[in-house]
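Visitor: Can you read through this structure? Questions will come right after.
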Amino acid sequence: MLTGDLKSKIDQIWNAFWSGGIANPIEVIEQITYLLFLRRLDDLHTLEENKATRLKKPMERRIFPEGADARGRAFDTLRWSRFKNEAPSEMFVIVGEHVFPFLRTLGSDDSTYAHHMKDARFTIPTPALLAKVVDLLDAVPMDNRDTKGDLYEYMLGKIASAGQNGQFRTPRHIIQLMVEMTAPTPQDTICDPASGTCGFLVAAGEYLREAHPTLFHDTKLNQHFNHGMFHGYDFDNTMLRIGSMNMMLHGVDNPAITYRDSLGQEHGAEEGRYSLVLANPPFAGSLDYENVAKDLLQTVKTKKTELLFLALFLRLLKPGGRAAVIVPDGVLFGSSTAHKALRKMLVEDQKLDGIVSLPGGVFKPYAGVSTAILFFTKTNSGGTDNVWFYDMQADGYSLDDKRQPLLVEDKLGLQRPSAVREQLSKEEHAKNNLPDVLARWAQREGTERERSRTEQSFCVPKADIAANGYDLSINRYKEVVHAQVQHRAPGEILAELAKLEDEIAAGMKALEGMLK
């Protein structure tokens, strides 16, 4: 958890960027990302130096080469620990004219971070601002994974609060809900085909650290966690850099965060590769057939991106693989042939596990569209017996553009860590449904089967869904109980009205007599 003092310093840096002429929050994050990467390179080089000193051997891997760059400056002076002590004007020259050109040469390194730095641009406008940012970042304890991860998450949150590029951020508590409902395992291979800032992958990693802390004691599982478990695609290079840094600061050594237009390329090499897909892909509307991968069109013939992404997820999953994905409500009840065909495919050919209907304001202020979370397992042989529905009414925050918290902090979200969760009161549940969603999801094969359709959650047999044309809208199956009201007989009401009229007439007559 970040201290108030550190948050205050970050806010000051953020304001300094804005007053310094950088108004785009994505660019602010990008520049900070470069500097964090430089500090990481220096830390790694220092570790190699210490190792060589202890073993009394030459360094096996030099990040900063011996000698000087093309302009005659020694590579050793490009290290964070060296230039941070320079005067602002000298630091500005070193970073802009020497460090960043050096960064762009690191693309041949096998790490995902170095690959995404090959297009690095230095846009901090003044020496004073650079010195201020470097001082802040130097004060952050980078050996503490939680602190540096929270630091970056706090800055990413400012993308949303700045009112720009909010499409890149799914609310963190919704991400955590989806991750906990799918319960990643140390053997999973996880993919987000629209990774953005890698929020889903980060949350999956944090879940595994809490739920399976011993995985790092197993050499094979540790290697898989750091080098083979996490995969993210995006076609925005800035997002790739930001997402990669987010993963690194949360303790993942080398995730596969790569450039790819998820809908616009063939996926033969990726087919059946992943055991878990977590995603909130952008739904831009329609695409040109010419730009869509042919293998996806074979699954579902449509131009609708929301349907094509679902087809992609099915393509990427291995048999037995599971998915939790956010979709617009139109996917659940759309009447086109493609909509119906895809829903039928999920119900009849795969295993549709559950649907959580989200409140309409979850993605405000960027979008007010109604959405839902689909949970399904790829089987290629059916398996849907009952589909679990949950009608989420509240997520702990106001559903207007301000999205203010409705409860104290330890009552929001899923109340992490799981070891200290408490049952919310009825009044608190009315403001935050998330703990109840998770608890009832765990009972979907048991007591949830017995719940009435008038409840907030219930199960619907596959036969009922098929009989309704594979409509998956919760309102199709939810029953509303109307309170019985006893009304008086019309004759009694009319008689009372007549009596009142007589009394009024008598009163008027008496008033006229008094006036005379």
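Straight run, no breaks: the sequence shown in the working numbering ends on number 622.
Each residue gets a CB set at the ideal place from its N, CA and C atoms; glycine is no exception.
Just so we're clear, the structure is a prediction, and the values are computed from it rather than from any experiment.
Between the region 349-367 and the region 252-260, can you find at least three pairs of beta-carbon atoms closer than 8 Å?
Guide: Enough Cβ pairs lie closer than 8 Å, so yes.
Visitor: Here's the rule I'm using: 16 or more other beta-carbon atoms within 10 Å means buried, otherwise exposed. How should residue 381 be labelled?
Guide: Result: buried.
Visitor: Per DSSP, what kind of secondary structure is residue 582 in: helix, strand or coil?
Guide: Residue 582 falls in the helix class under three-state DSSP.
Visitor: Quick one: what's got a C-beta closer than 6 Å to residue 612's C-beta in the same chain, skipping five residues either side?
Guide: Nothing listed; no residue qualifies.
Visitor: What residue from 298, 326, 336 has the CA that sits closest to residue 669's CA?
Guide: Absent from the structure is residue 669, since the part of the chain shown begins at 107 and ends at 622.
Visitor: Residue 560 by DSSP, collapsed to three states: which one?
Guide: Correct three-state label for residue 560: coil.
Visitor: Select from 365, 326, 575 the residue whose C-alpha is nearest the C-alpha of residue 343.
Guide: It is 365 whose Cα lies nearest to the Cα of residue 343.
Visitor: In the DSSP assignment, find the unbroken alpha helix (DSSP H) run with residue 318 in it and report its ends.
Guide: Unbroken run through residue 318: none, as it is neither H nor E.
Visitor: Which residue wins for smallest C-alpha separation from residue 111, given the options 454, 242, 444?
Guide: Considering only alpha carbons, the answer is 242.
Visitor: Where DSSP assigns a beta bridge to residue 457, which residues make up the other side?
Guide: DSSP, once it has assigned bridges, lists 483 as partnering residue 457.
Visitor: When the Cα of residue 379 is compared with those of 615, 338, 210, which residue comes out closest?
Guide: The option with the nearest alpha carbon to residue 379 is 338.
Visitor: In terms of DSSP beta bridges, what is residue 433 paired with?
Guide: BP columns for residue 433 point to 478.
Visitor: As a quick exercise: from 253, 511, 168, pick the residue whose alpha carbon is nearest that of residue 113.
Guide: Considering only alpha carbons, the answer is 253.
Visitor: Between residue 490 and residue 454, what straight-line distance do the alpha-carbon atoms span, to the nearest angstrom?
Guide: Roughly 7 Å separates the two Cα atoms.
Visitor: From which residue to which residue does the beta strand (DSSP E) around residue 365 run?
Guide: First-last of the beta strand (DSSP E) with residue 365: 362-365.
Visitor: Assuming residue 504 and residue 513 are in contact, meaning their beta carbons sit under 8 Å apart, how far apart are those beta carbons, in whole angstroms?
Guide: Not really, about 11 Å apart at Cβ, beyond 8 Å.
Visitor: Rounded to whole angstroms, what's the CA-CA distance from residue 407 to residue 201? Just pull it up for me.
Guide: Residue 407 and residue 201: Cα-Cα distance of roughly 51 Å.
Visitor: Would you check if the distance between the CB atom of residue 448 and the CB atom of residue 418 is smaller than 7 Å?
Guide: Not closer than 7 Å, so no.
Visitor: Going along the chain, which unbroken runs of the beta strand (DSSP E) with 3 or more residues stay wholly within the region 328-361?
Guide: Whole beta strand (DSSP E) segments, 3+ residues: 336-340.
Visitor: For the alpha helix (DSSP H) containing residue 195, name the first residue and the last one.
Guide: Taken as a continuous stretch (DSSP letters only), the alpha helix (DSSP H) holding residue 195 covers 194-200.
Visitor: Measure the Cβ-Cβ separation of residue 303 and residue 349 and say whether it is below 7 Å.
Guide: The answer is yes: Cβ separation under 7 Å.
Visitor: Can you give me the start and stop residues for the beta strand (DSSP E) that residue 228 sits inside?
Guide: Looking at the DSSP string, residue 228 is not in any beta strand (DSSP E), and its letter there is neither H nor E.
Visitor: Tell me the residue span of the alpha helix (DSSP H) that contains residue 417.
Guide: Element bounds for residue 417: 411-422.
Visitor: Spell out a yes or no on whether the region 230-237 and the region 125-143 are touching, meaning 3 or more CB-CB pairs, one atom from each, closer than 8 Å.
Guide: Judged by Cβ distances under 8 Å, the region 230-237 makes contact with the region 125-143, as three or more pairs qualify.
Visitor: Can you check DSSP and say which residues form a bridge with residue 538?
Guide: Answer by DSSP bridge pairing, in chain order: 501.
Visitor: Roughly how many whole angstroms lie between the Cα atoms of residue 268 and residue 262?
Guide: Reliability fails at residue 268, whose pLDDT of 47 lies under 50, so the model's placement of it is uncertain and the value that follows must be treated cautiously. One C-alpha to the other measures close to 10 Å.
Visitor: What did DSSP end up calling residue 269 once you bin it into helix, strand or coil?
Guide: Low local confidence applies: a pLDDT of 45 at residue 269 is under 50, so the model's placement there is unreliable, with the coordinate-based value given in what follows. Three-state DSSP puts residue 269 in coil, outside helix and strand.
Visitor: Thinking C-alpha only, which one of 595, 481, 550, 182 is nearest residue 149?
Guide: Nearest of 595, 481, 550, 182 to residue 149, Cα basis: 182.
Visitor: Take every Cβ of the region 472-485, pair it with every Cβ of the region 548-564, and state whether three or more of those distances are shorter than 8 Å.
Guide: In short, these stretches do not touch, since the Cβ pair count stays below three.
Visitor: Measure the C-alpha to C-alpha separation of residue 602 and residue 560 and round it to an integer number of angstroms.
Guide: Their backbone Cα atoms lie some 39 Å apart in a straight line.
Visitor: Take the Cβ of residue 621 as the centre, count every other Cβ of all protein chains shown within 10 Å, and call the residue buried at 16 or more, exposed below.
Guide: By the neighbour-count rule (16 or more Cβ atoms within 10 Å), residue 621 is not buried but exposed.
Visitor: For residue 472, which of helix, strand or coil comes out of DSSP?
Guide: Here residue 472 sits in coil by DSSP.
Visitor: If you draw a straight line from the C-alpha of residue 472 to the C-alpha of residue 265, how long is it?
Guide: Taking the straight line joining both Cα atoms gives about 12 Å.
Visitor: Quick one, which of 332, 333, 480, 584 has its alpha-carbon nearest residue 565's?
Guide: Measuring from the Cα of residue 565, the nearest candidate turns out to be 584.
Visitor: Starting from residue 385, follow the alpha helix (DSSP H) in both directions and report where the run begins and ends.
Guide: First-last for residue 385: 380-385, but that is the beta strand (DSSP E), not the alpha helix (DSSP H).
Visitor: If you reduce the DSSP assignment to three classes, tell me which class residue 567 lands in.
Guide: Here residue 567 sits in strand by DSSP.
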